[in-house]
Every structure is written in structure tokens, then in C-alpha cells.
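**Student:** Mind having a look at this structure? Questions to follow.
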Amino acid sequence: MCSKEPSIVLGIPGAWKDRSELVKSIALHSGGYLFAGKVLMHSESNTHFGLEVYDHDPTLVEKVRSGSMGQIPEDVLNAIQAHTFTLYLVSYETGRDVVERMVDAAVGLLESGGLAVKVEFAGFSVNAAQWREHALTKVAYSLYRSMVALVGDDTRHFTCGMSAFSLPDCSVQQGDLRTAFEVATEFCCYLMDESPALADGHTFSVPDGTERYRVSFEEHGFYPPGDMFHNPNGLWKLEPTSVP
Numbered sequence: 001m002c003s004k005e006p007s008i009v010l011g012i013p014g015a016w017k018d019r020s021e022l023v024k025s026i027a028l029h030s031g032g033y034l035f036a037g038k039v040l041m042h043s044e045s046n047t048h049f050g051l052e053v054y055d056h057d058p059t060l061v062e063k064v065r066s067g068s069m070g071q072i073p074e075d076v077l078n079a080i081q082a083h084t085f086t087l088y089l090v091s092y093e094t095g096r097d098v099v100e101r102m103v104d105a106a107v108g109l110l111e112s113g114g115l116a117v118k119v120e121f122a123g124f125s126v127n128a129a130q131w132r133e134h135a136l137t138k139v140a141y142s143l144y145r146s147m148v149a150l151v152g153d154d155t156r157h158f159t160c161g162m163s164a165f166s167l168p169d170c171s172v173q174q175g176d177l178r179t180a181f182e183v184a185t186e187f188c189c190y191l192m193d194e195s196p197a198l199a200d201g202h203t204f205s206v207p208d209g210t211e212r213y214r215v216s217f218e219e220h221g222f223y224p225p226g227d228m229f230h231n232p233n234g235l236w237k238l239e240p241t242s243v244p
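Position one of the sequence shown corresponds to residue 1 (UniProt numbering), numbered consecutively onward.
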């Protein structure tokens with residue numbers, strides 16, 4: 001699907017001396033990508049994405065730090081503090097195949113001097129090593145971890161970022177983070193792999209799980225239209241069947 005506004009945006013900061021060095025580094029080290037105008041191209045796979053270059057942003061490092069959940073080492077954060085440019089990899093399309101190609105393109109930019117990946121429409125950041133690990137396979141779990149965040153409180157948790165796959169997000173009525181993470185991850189990967197015909201009242205459980213969850217669909221999730229985290233595909237609510 002397409003939209004007038006970008007549907008997936010990945011921010012990748014780096015310390016290139018100038019734009020000429022940036023273009024040259026991509027040509028030499030990205031694994032076949034070329035940057036011309038505002039387009040990143042890979043002729044062998046016939047892949048192209050928008051690529052916008054922004055100058056140093058003094059607020060970026062704290063945004064990356066707060067979205068990294070402690071997973072980006074301090075030395076990398078120090079390098080991000082000294083970044084010269086941030087590359088914004090942009091797609092106007094969504095879907096699993098788009099995400100697969102975008103994950104690979106981001107690896108190419110990391111190999112060209114990028115320091116980390118900031119997933120703009122899900123509000124979190126991933127260190128370079130972890131992103132490369134996600135890219136090694138194209139299984140649902142790896143793609144999910146590259147694009148989707150889980151947020152919540154002591155009563156429920158919900159995903160943010162499934163719009164990248166043209167799929168609804170999900171909320172789990174569960175305060176325990178570990179349990180909510182397991183249920184949300186299994187459910188979202190189930191959506192990605194099986195494309196099930198779900199309906200209100202259907203139930204779902206994780207393998208070896210003792211709790212079953214009743215699903216119901218909401219057309220609008222937690223973020224309204226116009227919000228950068230809004231998912232136009234809606235939201236599946238998962239509530240324990242033990243709750244009347």
C-alpha cells in the first residue's frame with residue numbers, strides 16, 4: 001500500500017566528514033547501494049528507497065538514548081553525540097517484503113559508517129550489532145524485533161510499529177512485562193506468518209501457555225490519526241478469558 005506521507009522512516013546517524021565522503025562511503029562499503037539525489041538504489045535487487053540527509057542535531061543523542069532501553073553502549077552514544085549527519089531512510093510503502101528490503105538497506109548504511117538505527121514511527125533505537133543480527137534471517141521474529149516496540153504500564157502493554165507490515169498492532173491486558181512481551185510477540189508473528197481470519201471472540205494462547213486470551217478488534221488504537229505512531233490498520237485487543 002502507498003500513502004502521501006512516509007510510512008516507514010529509519011534514522012541512521014554517522015560521522016562522515018562531508019556529503020562527498022558520505023556518497024563515496026556508501027558506494028564503497030554498502031554492498032552494492034548507490035546514493036544519488038535523494039534516492040538510495042541497489043541495482044542488483046532492483047531496490048530503491050528515499051534517503052534524506054540532515055545536519056548535526058544536538059538533541060539526537062538523548063532521543064536515541066531514551067529509545068534504546070539501555071541497549072546502546074555509552075561509547076556508541078558518545079559517537080552519536082559527535083555525529084555530523086543523520087540519514088533518514090524512507091519508504092512510502094508497507095508490507096513484509098518492504099521491511100525485509102529496508103532492513104538490508106539499513107545494514108548497508110551501517111556498513112558505510114552508520115552508528116545505530118532509530119525506528120522513527122515506533123519510537124525506539126537499535127544498536128548496529130543487534131540490527132545486523134536481525135538482518136541475518138528474515139523470519140517473523142527478527143523482522144518484528146527490528147520494527148516494533150512494546151510499551152505499557154502495570155495493567156496492559158501494547159505494540160507500536162506493526163503498521164510497517166500493513167498489520168494491526170495489539171494490546172495485551174497483562175501487567176507483567178515478560179508475559180506481555182511473550183504474548184504480544186507470538187501474536188504479532190502469528191499475524192505475519194499466517195494472516196489468520198480473526199474475529200471478535202476468537203481466542204489465542206502462546207505455546208505451553210496456561211492463559212487464553214479473547215481477541216476483539218478496534219478500528220482506532222491508542223494513537224489518533226495524525227499522530228506519528230498512529231496505525232491505520234487498527235488494533236487487536238487480547239484480554240484473558242478468565243476475566244469476565
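Where is the CB? At the ideal position from N, CA and C, for every residue including glycine.
From D169 to A122, what distance separates their C-alpha atoms?
**Tutor:** Along the sequence shown, one-based indexing puts residue 169 at 169. Along the sequence shown, one-based indexing puts residue 122 at 122. Those two C-alpha atoms are separated by around 11 Å.
**Student:** Smallest Cα separation from T47: which of V172, R132, C188 and D97?
**Tutor:** For the purposes of this step, residue 47 is identified with residue 47 of the sequence shown, where counting begins at 1. Cα-wise, what sits closest to T47 is D97.
**Student:** Using the three-state DSSP reduction, which class does S216 fall into: helix, strand or coil?
**Tutor:** Stepping through the sequence shown from its first residue, residue 216 is reached at position 216. S216: strand per DSSP, three-state reduction.
**Student:** Using CA coordinates, which residue listed in D104, P232 and D208 is at the minimum distance from E218?
**Tutor:** For the purposes of this step, residue 218 is identified with residue 218 of the sequence shown, where counting begins at 1. Of D104, P232 and D208, the residue nearest in Cα terms is P232.
**Student:** Helix, strand or coil: which one does DSSP assign to H42?
**Tutor:** Along the sequence shown, one-based indexing puts residue 42 at 42. H42 falls in the strand class under three-state DSSP.
**Student:** Under 8 Å, with one C-beta from each stretch per pair, do the segment 171–184 and the segment 146–157 reach the 3-pair mark?
**Tutor:** yes
**Student:** Could you spell out the range, first to last residue, of the alpha helix (DSSP H) harbouring L60?
**Tutor:** Here residue 60 corresponds to residue number 60 of the sequence shown, with the count starting at 1. Here the alpha helix (DSSP H) through L60 covers L60 to G67.
**Student:** Only counting the same chain, and skipping five residues up and downstream in sequence, which positions put a Cβ closer than 6 Å to that of W131?
**Tutor:** Taking the sequence shown and counting its residues from 1, the one referred to as residue 131 is at position 131. Counting only Cβ-Cβ distances below 6 Å, and skipping sequence neighbours, we find V117.
**Student:** If you run the structure through DSSP and keep just helix, strand and coil, what is V99?
**Tutor:** In the sequence shown, counting from the first residue as 1, residue 99 sits at position 99. If DSSP states are grouped into helix, strand and coil, V99 belongs with the helices.
**Student:** Measuring straight from C-alpha to C-alpha, what distance separates E74 and D193?
**Tutor:** Here residue 74 is taken as the residue at index 74 of the sequence shown, counted from 1. Here residue 193 is taken as the residue at index 193 of the sequence shown, counted from 1. Cα to Cα, E74 sits roughly 36 Å from D193.
**Student:** Whole angstroms is fine: what's the gap from R214's alpha carbon to L198's?
**Tutor:** One-based indexing of the sequence shown puts residue 214 at position 214. One-based indexing of the sequence shown puts residue 198 at position 198. If you take the alpha carbons of R214 and L198, they lie about 11 Å apart.
**Student:** Are the beta-carbon atoms of L87 and G50 separated by less than 8 Å?
**Tutor:** Translated into the one-based positions of the sequence shown, residue 87 becomes position 87. Translated into the one-based positions of the sequence shown, residue 50 becomes position 50. Taking 8 Å as the Cβ cut-off, L87 and G50 do not qualify as a contacting pair.
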